[in-house]
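Each residue of the sequence shown is one higher than the last, beginning at 363 in the numbering used here.
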Amino acid sequence: MHNTEKITANQLGILLFSFIASTIILTIPGLMAMFAKQDAWISVLPSTTTGLLSIWVMTKLAKRYPGLTIIAYSQKILGKWLGTCLGLYYIYFWFMSISIMTIQHTFFIKTLLLPRSPSIIGSLTLLILCGLAVYMGIEVIGRCAEFLTPLKLFF
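Now the structure itself:
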């Protein structure tokens, strides 16, 4: 059975933006302050520029190769072997990112909201909600991102 779920290039851009923006807002400032001290503010411009450039490239590739996954058009662009290697890297990168985000979410919930609850509850809450979103499909995730990202930016 062929899955026909699709998201638009704009939805992909919003998803990537929300991923990069949350990382920039929650993770990067602490790391920059730790290493760069009072000069940490200087790193905002290059990191924002590279993040937006990445979003632009991914959106353009999604428009150029509609209906294909990132791994599929990587194989078309780079060839079967290099495209597969890049696909394996993407899978590794996303697995590590999800693991780190789960740890950060658990730490946030444990520290600020529910200090006396077990950490596993915070982790399971996030993973169950994410699993439900994945079960509902990429179209639902894309539409939710289109709706929630402007609200997150506003607040």
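No residue lacks a Cβ here, since even glycine has one placed at the ideal position from N, Cα and C.
- With respect to the C-alpha of L450, the residue from G441, I439, I433 and S461 having the closest C-alpha is I433.
- Taking C-alpha positions only, A371 is separated from K442 by approximately 24 Å.
- Under the DSSP assignment, I482 falls in the alpha helix (DSSP H) whose first and last residues are S481 to M498.
- Taking 9 Å as the cut-off, the beta carbon of L430 is found no closer than this to the beta carbon of K422.
- Around the beta carbon of S436, a 10 Å sphere encloses 16 or more other beta carbons of the protein chains shown; the residue is thus reported as buried.
- Contact between the region 445 to 462 and the region 394 to 410 is absent, with fewer than three C-beta pairs closer than 8 Å.
- In the DSSP assignment, A398 falls within the unbroken alpha helix (DSSP H) covering I390 to A398.
- The distance from the Cβ of E501 to that of I376 is about 13 Å, inconsistent with a contact at the 8 Å cut-off.
- Going by C-alpha positions, E367 is about 29 Å away from F516.
- Under the 10 Å beta carbon count, L415 is surrounded by fewer than 16 other beta carbons and is classified as exposed.
- Secondary structure note for A402: it is in no alpha helix (DSSP H), with a DSSP letter that is neither H nor E.
- Excluding residues up to 5 positions away in sequence, I503 lie with their Cβ nearer than 6 Å to the Cβ of A495 in the same chain.
- Note that the C-beta distance between G484 and L476 is below 9 Å.
- In this structure, the beta-carbon distance from S384 to L510 does not fall below 9 Å.
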